[in-house]
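Have a look at the structure below, then the notes.
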Amino acid sequence: DAGITQSPRYKITETGRQVTLMCHQTWSHSYMFWYRQDLGHGLRLIYYSAAADITDKGEVPDGYVVSRSKTENFPLTLESATRSQTSVYFCASSDGDPSPLHFGNGTRLTVT
Amino acid sequence: QKEVEQNSGPLSVPEGAIASLNCTYSDRGSQSFFWYRQYSGKSPELIMFIYSNGDKEDGRFTAQLNKASQYVSLLIRDSQPSDSATYLCAVKAGNTPLVFGKGTRLSVIA
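If you read the protein sequences in the order shown, they are chains A and B. In terms of this note's numbering, the first sequence has 1393 at position 44, counting the first letter as 1, and numbering is strictly consecutive. In terms of this note's numbering, the second sequence has 371 at position 95, counting the first letter as 1, and numbering is strictly consecutive.
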């Protein structure tokens, strides 16, 4: 099915471990985004990408790494997970600027 | 720091009434405005977007934009229990990424 898919849906990891959240979209949208959503903070932008091989920091990029070697994939890596990175992570895409965002189903990450 | 402010709620309205959700923003250069609905445990989904001053209607939903007052609102007519969700306002200025408010939780009472 066409759309935007995140994996895994749920992940539990330990402090200090590296973890990668995957995001794949089938629309060939040029823009892709990673947000985290926490109670009291709403949706905060971590990183975004306007095209393959182009990435930019958002509001809360520290501790995260992204890459975009192909238009359809935008993985988010936590290099050394911390408890403060426990959150729900949403990937989103859009076909232009400005254009509405289309969100994936989210990944609930717990860092113990 | 660009800010988008929403009352966190909960906003409680009876079934069949009009729900009015409000959003203010700090960046006068903002040009694009979006309303998303998010059910508990789900991802945000787009309801409407508006770019020009005035009203924009789509079914039971009306978005209202007043750039002079830096104010955008969402009206939901004939509110239904299925409209109970958190409503997120999002604002975009120029080439900067979308900024989301923290959302208003709406509860429609049957």
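C-beta atoms are modelled at their ideal positions from N, C-alpha and C, and glycine is treated no differently. Please read all numbers here as calculations on a predicted model, not as lab measurements.
Given residue i as reference, the closest of the options once Cα atoms are compared
{"i": "R1385 of chain A", "options": "A:Q1367, A:L1425, A:D1402", "result": "A:L1425"}
{"i": "A1399 of chain A", "options": "A:N1422, A:L1458, A:L1392", "result": "A:N1422"}
{"i": "M1371 of chain A", "options": "A:S1443, A:S1448, A:S1416, A:D1446", "result": "A:S1416"}
{"i": "L1392 of chain A", "options": "A:T1461, A:V1460, A:T1459, A:L1450", "result": "A:L1450"}
{"i": "K1419 of chain A", "options": "A:S1377, A:T1362, A:I1353", "result": "A:S1377"}
{"i": "P1447 of chain A", "options": "B:S360, B:T338, B:S306", "result": "B:S306"}
{"i": "T300 of chain B", "options": "B:S319, B:S345, B:I326, B:Y315", "result": "B:S345"}
{"i": "P357 of chain B", "options": "B:Q282, B:S288, B:S349", "result": "B:S288"}
{"i": "Q282 of chain B", "options": "B:C365, B:Y327, B:W311, B:S319", "result": "B:C365"}
{"i": "Y1380 of chain A", "options": "A:F1452, A:G1365, A:V1460", "result": "A:F1452"}
{"i": "Y312 of chain B", "options": "B:I385, B:V384, B:F376, B:Q340", "result": "B:F376"}
{"i": "A1401 of chain A", "options": "A:Q1374, A:S1356, A:G1407", "result": "A:Q1374"}
{"i": "E321 of chain B", "options": "A:Q1434, A:T1461, A:I1353", "result": "A:I1353"}
Helix, strand or coil at residue i according to DSSP, with G and I counted as helix
{"i": "D359 of chain B", "result": "helix"}
{"i": "S383 of chain B", "result": "strand"}
{"i": "S1433 of chain A", "result": "helix"}
{"i": "F1439 of chain A", "result": "strand"}
{"i": "R336 of chain B", "result": "coil"}
{"i": "T1456 of chain A", "result": "strand"}
{"i": "Q346 of chain B", "result": "coil"}
{"i": "K368 of chain B", "result": "strand"}
{"i": "Q282 of chain B", "result": "coil"}
{"i": "L341 of chain B", "result": "strand"}
{"i": "K1360 of chain A", "result": "strand"}
{"i": "F1423 of chain A", "result": "coil"}
{"i": "T1354 of chain A", "result": "strand"}
{"i": "L374 of chain B", "result": "coil"}
Residues near residue i by beta carbon distance below 6 Å, same chain, minus five either side
{"i": "R381 of chain B", "result": "G285, P286, T362"}
{"i": "F1382 of chain A", "result": "Y1397, A1441"}
{"i": "K343 of chain B", "result": "N329"}
{"i": "Y347 of chain B", "result": "T300"}
{"i": "D303 of chain B", "result": "K278, A369"}
Cβ shell of residue i (< 8 Å), same chain only, five flanking positions each side left out
{"i": "Q1367 of chain A", "result": "T1426, L1427, E1428, S1429, A1430"}
{"i": "D1405 of chain A", "result": "Y1396, Y1397, S1398, A1399"}
{"i": "G1445 of chain A", "result": "S1379, Y1380"}
Cβ shell of residue i (< 7 Å), same chain only, five flanking positions each side left out
{"i": "D334 of chain B", "result": "M324"}
May I have a chain-ordered list of the beta strand (DSSP E) segments no shorter than 3 residues that lie completely inside the region 1362-1418 of chain A?
-> 1368-1374, 1380-1387, 1391-1400, 1403-1406, 1413-1415
Taking three-plus beta-carbon pairs below 8 Å as touching, is the region 281-293 of chain B in contact with the region 1402-1412 of chain A?
-> no
Can you find at least 3 beta carbon pairs, one from the region 1430-1444 of chain A and one from the region 1371-1391 of chain A, that sit closer than 8 Å?
-> yes
At what residue ranges does the region 287-330 of chain B contain a whole run of the beta strand (DSSP E), taking only runs of 3 or more?
-> 287-290, 295-301, 306-314, 321-326
Evaluate contact between the region 1451-1458 of chain A and the region 363-381 of chain B, counting only Cβ atoms and requiring at least three cross-stretch pairs below 8 Å.
-> Contact fails: fewer than three Cβ-Cβ distances are below 8 Å.
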